[in-house]
Amino acid sequence: MGTKQSVAITGAASGIGLATARLLHDRGWQVWLLDLQPEALSSACRALELPATRGLVCDVSSKGGVNLMTLVNAVAPGPIDTPLTRKVHTQNVRKQWSHRVPMERYGTSEEVASAIAFLISDEASYVNGQILALDGGFVTAGLAV
Ligand SMILES: NC(=O)c1ccc[n+]([C@@H]2O[C@H](COP(=O)([O-])OP(=O)(O)OC[C@H]3O[C@@H](n4cnc5c(N)ncnc54)[C@H](O)[C@@H]3O)[C@@H](O)[C@H]2O)c1
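For any residue, its number in the numbering used here is found by taking its place in the sequence shown, counting from 1, and adding 80.
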């Protein structure tokens with residue numbers, strides 16, 4: 081695992097996926113960007129100075145999207161400041177989340193991307209079957225409903 085390999089990033093045209101693609105690309109991974117939205121995908125490839133062929137338009141929830149995996153880890157984000165939450169969280173909702181999360185703020189896409197970069201790194205080679213909460217302490221504090 082010393083040599084950086086290819087990594088396919090789902091939902092890579094926006095938010096957490098885009099931040100992850102940027103970080104891993106900067107760290108030397110050969111990134112492939114997967115997303116439903118062709119135009120956003122083209123913009124993401126341009127932003128990362130990648131050829132358009134690195135962007136694959138696909139629905140990753142389709143049957144057969146994921147077949148064989150030996151290491152399976154996941155991140156479970158709390159409230160993260162992304163285009164999604166900017167669109168669906170009202171000012172009131174944002175205030176409530178910021179109040180309830182022990183760290184009193186939303187996370188950033190970059191913070192989620194850093195944790196993903198750790199999970200796929202050599203340093204995490206014996207981490208398997210884990211779900212890493214990235215939520216400013218929300219679940220650990222017993223605040224999840
Ligand atoms: N932002 C948060 O607070 C938060 C919290 C918990 C979980 N999540 C989850 O994390 C993921 C990313 O969230 P985000 O805030 O970065 O969202 P976002 O809307 O900014 O980006 C999501 C991207 O995924 C793409 N996408 C959606 N369905 C797809 C599919 N079936 N196949 C391929 N691409 C698809 C979209 O086109 C979009 O580009 C989502 O699944 C979201 O539900 C987000």
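Built from N, CA and C at the ideal position, the CB exists for glycine as well.
Rounded to a whole number of angstroms, what is the C-alpha to C-alpha distance between L199 and Q171?
The straight-line gap separating the alpha-carbon atoms of L199 and Q171 is approximately 33 Å.
Run the CB neighbour count on I196, radius 10 Å, all protein chains shown included, and call it buried at 16 or more, exposed below.
Residue environment: I196 is assigned as buried (16 or more neighbouring CB atoms within 10 Å of its CB, all protein chains considered).
Measuring CB to CB, does A92 end up less than 7 Å from L113?
Contact: yes.
Taking 6 Å as the limit between beta carbons, can you name the residues of its chain near T100, skipping five residues before and five after?
Only residues of its own chain outside the window of five on either side were considered, and among them I89, A193 and I196 have a CB closer than 6 Å to the CB of T100, listed in chain order.
What are the boundary residues of the alpha helix (DSSP H) that S178 is part of?
That run of the alpha helix (DSSP H) goes Q171 to R180.
With DSSP as the reference, identify every bridge partner of S86, one or two as the case may be.
In the DSSP output, where bridge partners are listed per residue, S86 has Q110.
Could you check what DSSP says for L148 in three-state terms: helix, strand or coil?
Only weak support exists for where L148 lies, its pLDDT of 43 falling under 50; the value from the coordinates is given anyway. Note: L148 maps to coil in three-state DSSP.
Using the rule of at least 16 other Cβ atoms within 10 Å of the residue's Cβ for burial, across every protein chain shown, is V219 buried or exposed?
Exposed, since its Cβ has fewer than 16 Cβ neighbours within 10 Å.
Length of the line joining the Cα atoms of S86 and H169:
A straight line joining the alpha-carbon of S86 with that of H169 spans about 34 Å.
For the beta strand (DSSP E) that contains I196, what are its first and last residues?
Here I196 belongs to no beta strand (DSSP E); instead the alpha helix (DSSP H) covers S189 to L199.
Compare the Cα-Cα distances from T133 to each of Y206, A124 and V140 and report the closest residue.
Taking T133 as reference, the option from Y206, A124 and V140 with the minimal CA-CA separation is A124.
Would you mind reading off the limits of the beta strand (DSSP E) that contains V137?
Counting along the chain, the unbroken beta strand (DSSP E) around V137 starts and ends at G135 to V137.
Along the chain, where does the alpha helix (DSSP H) that runs through V168 open and close?
Counting along the chain, the alpha helix (DSSP H) containing V168 begins and ends at P163 to V168.
Less than 6 Å separating the Cβ of T100 from some heavy atom of ligand 1?
No; taking the cut-off as 6 Å, the Cβ of T100 has no heavy atom of ligand 1 nearer than that.
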